[in-house]
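One structure below.
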Amino acid sequence: MVDHLFRREAGRLVAILARRFGAEHLHLAEDVVQDALVAAMRTWPYTGVPENPTAWILQTARNRALDHTRRRQVWRAKEPALIAQVEGCLDAASGGDLPRFEDEIQDSQLRMMFVCCHPGLPAESQVALTLKVLCGFGEGEIAAAFLATPEAMAKRLVRARQYLREEAIAPELPSAAEAAARVESVHRALYLLFNEGHKSSGGGALIRADLCADAIRLGELLAGHGFPTRAETHALLALMYFLAARLPARLDAAGDILLLHRQDRSLWDRGKIGRGLEHLEASAGGPAVTRYHLEAGIAACHALSPSEEETDWPRILELYDDLAGLDGSPVIALNRAVALARVAGPMAGLKALAAIAGRPVLENYHLFFSVAGQLWLEQGDRAKARDCFQRGRELAMHEAERQHLSRRIEEAGG
Amino acid sequence: MPNQEKAQFLLLFRHPVDQPDPSPEEMQQIFGKWMAWMESMKAQGQFVAAAPLQDGGKVLRGSRGSVVTDGPFTEAKEMVGGYVIVHARDLAEAAEIAKGCPGYDYGTVTEVRPLEKIPHI
Chain A
21 MVDHLFRREA GRLVAILARR FGAEHLHLAE DVVQDALVAA MRTWPYTGVP ENPTAWILQT
81 ARNRALDHTR RRQVWRAKEP ALIAQVEGCL DAASGGDLPR FEDEIQDSQL RMMFVCCHPG
141 LPAESQVALT LKVLCGFGEG EIAAAFLATP EAMAKRLVRA RQYLREEAIA PELPSAAEAA
201 ARVESVHRAL YLLFNEGHKS SGGGALIRAD LCADAIRLGE LLAGHGFPTR AETHALLALM
261 YFLAARLPAR LDAAGDILLL HRQDRSLWDR GKIGRGLEHL EASAGGPAVT RYHLEAGIAA
321 CHALSPSEEE TDWPRILELY DDLAGLDGSP VIALNRAVAL ARVAGPMAGL KALAAIAGRP
381 VLENYHLFFS VAGQLWLEQG DRAKARDCFQ RGRELAMHEA ERQHLSRRIE EAGG
Chain B
33 MPNQEKAQFL LLFRHPVDQP DPSPEEMQQI FGKWMAWMES MKAQGQFVAA APLQDGGKVL
93 RGSRGSVVTD GPFTEAKEMV GGYVIVHARD LAEAAEIAKG CPGYDYGTVT EVRPLEKIPH
153 I
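Protein chains in written order, with the numbering used here: chain A, 21 to 434; chain B, 33 to 153.
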């Protein structure tokens with residue numbers, strides 16, 4: 021049996037039913053699929069897994085939906101049409117036409133991606149809804165990924181569904197006129213989703229390890245399923261593949277985060293780097309250079325370099341200069357300072373850091389102090405390095421990050 | 033007949049109904065444990081039969097079954113999820129088999145009952 025079958029089918033079948041029911045009945049689709057999965061969990065151990073588990077779950081969900089609509093008379097007028105629709109997708113699923121069914125699932129997921137990432141929703145709600153509807157995660161798991169309480173996450177999802185209902189957001193692909201803004205919104209949500217998994221894959225929560233894979237899966241769907249493909253979708257995918265390729269090397273045996281220059285590059289996933297390069301090539305076709313293009317270019321420099329020393333730092337600095345022009349965020353400036361230090365020495369990097377030190381976000385950003393500490397160490401000032409690492413440790417949110425900084429403090433002789 | 037000397041026992045599983053639904057990923061884990069347990073009973077020749085029970089049904093009582101209700105079948109806060117029939121030497125061995133049920137952490141209660149044997153006379 022497939023790993024994650026329950027979670028996978030949750031994401032597939034909620035999408036296909038929500039598309040059939042309409043996004044205003046999203047919660048009904050989620051509920052009946054959840055009920056059907058519970059029924060599967062309870063009965064399959066006795067009966068064995070059915071030959072076509074998807075069709076079994078879909079049929080059970082269909083029956084629950086019909087019970088519900090008859091009892092509550094939700095669609096009094098539309099009911100016969102609805103029944104016919106659901107029967108149609110069930111016929112395809114239960115063996116009649118599997119390719120057509122798989123095609124419809126992909127199409128439904130793509131449409132629901134645009135619904136979940138509607139620009140009218142707050143960015144965090146877009147990601148939460150995507151995780152719930154398209155990736156089959158539970159509210160508790162999503163809350164853990166966002167360091168939120170399950171109650172707060174449940175409320176956030178309720179408000180998001182209410183918005184979709186009140187604004188009558190249809191599960192349709194966006195028109196040409198609104199495509200650019202809608203796709204941009206999906207990109208941002210996928211990027212957030214990926215980063216959520218990437219920044220803390222050492223955390224204990226079950227969900228994190230799978231977030232990067234889901235972001236890539238949905239990105240591939242956006243790039244390759246009949247929807248007019250945009251160059252920046254390929255750029256985003258290239259970026260995600262390059263970063264995901266490094267994940268196996270990111271933690272040492274003790275679960276401590278390894279910075280790029282300490283990673284065993286033989287552990288990097290060559291297959292993912294290859295996919296990244298294909299998408300990077302495909303991303304060159306567009307008229308605009310987006311932040312995803314620049315970040316993918318930087319990630320490609322790292323992915324293709326056999327060692328830290330042989331990295332093309334001048335090229336990376338160039339790309340960071342361009343990126344800083346698009347996005348004045350202090351985090352970008354911080355990364356640019358690292359590249360500058362590699363090109364022009366630690367003192368140049370430290371000067372660049374001093375220029376941004378007062379910026380509000382960075383004051384509470386442990387990486388700022390981690391980088392500053394590293395550069396002071398290279399500059400030979402162990403006392404200043406130690407101060408920086410200690411400040412960073414106070415600000416770090418994740419245990420793995422704190423452990424890493426503790427080790428750095430020791431290295432600095434503290 | 034390898035199991036000639038062995039008796040058969042009914043394992044009946046009652047689950048609490050007032051618990052929140054697990055997430056799909058948690059369901060996968062729970063399901064995996066139940067499947068593994070069923071497989072291990074089969075591998076050891078203990079398994080005879082099993083079936084899940086649906087939620088609904090009827091209860092009949094009174095003169096010629098004239099009083100028909102939709103329940104309750106058991107305590108209101110429980111539902112019977114299904115049964116397994118196993119071969120075992122005696123009740124103690126059957127209870128030992130029932131200890132392998134992975135549901136206890138989720139509140140499952142297992143009843144172990146010997147099936148009455150029809151004597152060959």
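For each residue, glycine too, the CB sits at the ideal point set by N, CA and C.
| Item | Value |
| --- | --- |
| Backbone secondary structure at methionine 417(A) - three-state DSSP | coil |
| Residues near threonine 331(A) in its chain [Cβ-Cβ closer than 8 Å; skip 5 each side] | Cys321, His322, Ser325 and Arg362 |
| Short CB-CB distance (under 9 Å) between aspartate 53(B) and chain A | yes |
| Simplified DSSP state of glutamine 76(B), which is helix, strand or coil | coil |
| N-terminal and C-terminal residue of the alpha helix (DSSP H) that valine 363(A) is part of | 350 to 364 |
| Cβ contact (3+ pairs, closer than 8 Å) linking the region 149 to 166 of chain A and the region 76 to 84 of chain A | no |
| Pairwise C-alpha distance: alanine 264(A) and glycine 222(A) | Model confidence at glycine 222(A) stands at a pLDDT of 44, short of 50, so the residue's coordinates are unreliable; what they give is reported in the following sentence. Their backbone Cα atoms lie some 14 Å apart in a straight line. |
| Nearest-angstrom Cα separation, counted from isoleucine 162(A) out to arginine 185(A) | 22 Å |
| Isoleucine 117(B) - DSSP class collapsed to helix/strand/coil | strand |
| Min CB distance histidine 24(A) to chain B below 9 Å | yes |
| Start and end residues, beta strand (DSSP E) containing glutamate 143(B) | 141 to 146 |
| Contacts around proline 334(A), its chain only, beta-carbon distance under 7 Å, and the 5 residues preceding and following it disregarded | Val363 |
| Segment limits, beta strand (DSSP E) that includes threonine 101(B) | 99 to 101 |
| Collapsed DSSP secondary structure at leucine 278(A) in the structure displayed | coil |
| Coarse secondary structure for arginine 270(A), derived from DSSP in three states | coil |
| Beta-bridge pairing of valine 91(B) - partner residues as DSSP gives them | Thr101(B) |
| Residues of its chain near methionine 367(A), where Cβ-Cβ distance is below 7 Å and the 5 sequence neighbours each way are ignored | Gln399 |
| Straight-line gap, threonine 74(A) to phenylalanine 262(A) (C-alpha atoms, nearest Å) | 33 Å |
| Start-to-end residues for the beta strand (DSSP E) that takes in proline 48(B) | 39 to 48 |
| Positions along the region 52 to 69 of chain A whose CB lies within less than 7 Å of some CB in chain B | Gln54, Leu57, Val58, Met61, Arg62, Thr63, Trp64, Pro65, Tyr66 and Thr67 |
| is_contact[alanine 82(B), chain A] using C-beta, thresh 9 Å | yes |
| Any chain A beta carbon closer than 9 Å to isoleucine 153(B) | no |
| Three-way DSSP call (helix, strand, coil) for proline 194(A) in this model | coil |
| Minimum Cβ-Cβ distance from arginine 32(A) to chain B less than 9 Å | no |
| Cβ-based neighbour list, leucine 360(A), same chain, cut-off 7 Å, excluding 5 preceding and 5 following | Leu337, Ala368, Gly369 and Ala372 |
| Spatial distance of methionine 173(A) from alanine 75(B) (CA atoms) | 44 Å |
| CB-CB length for valine 439(A) against leucine 33(A), believed under 8 Å | Since the first and last residues shown for chain A are 21 and 434, residue 439(A) lies out of range. |
| C-alpha gap between phenylalanine 134(A) and proline 191(A), whole angstroms | 7 Å |
| C-beta contact flag for valine 80(B) and valine 118(B) at 9 Å | yes |
| Status (buried if at least 16 other CB within 10 Å, exposed otherwise) for serine 195(A) | exposed |
| Beta-carbon proximity list for leucine 354(A), same chain, < 8 Å, skipping 5 on both sides | Leu373, Ile376, Leu382, Tyr385, Leu387, Phe388 and Val391 |
| Residue range of the unbroken alpha helix (DSSP H) whose run includes tryptophan 396(A) | 386 to 399 |
| Residue environment, glutamate 159(A), which counts as buried when at least 16 other CB atoms sit within 10 Å | buried |
| Cross-chain neighbours of glycine 158(A) in chain B, by beta carbon under 8 Å | Pro54, Ser55, Pro56, Glu57 and Glu58 |
| For valine 112(B), the three-state DSSP class (helix, strand or coil) | strand |
| Cβ of isoleucine 62(B) within 9 Å of any chain D Cβ | Absent from the structure is chain D; the protein chains it does hold are A and B. |
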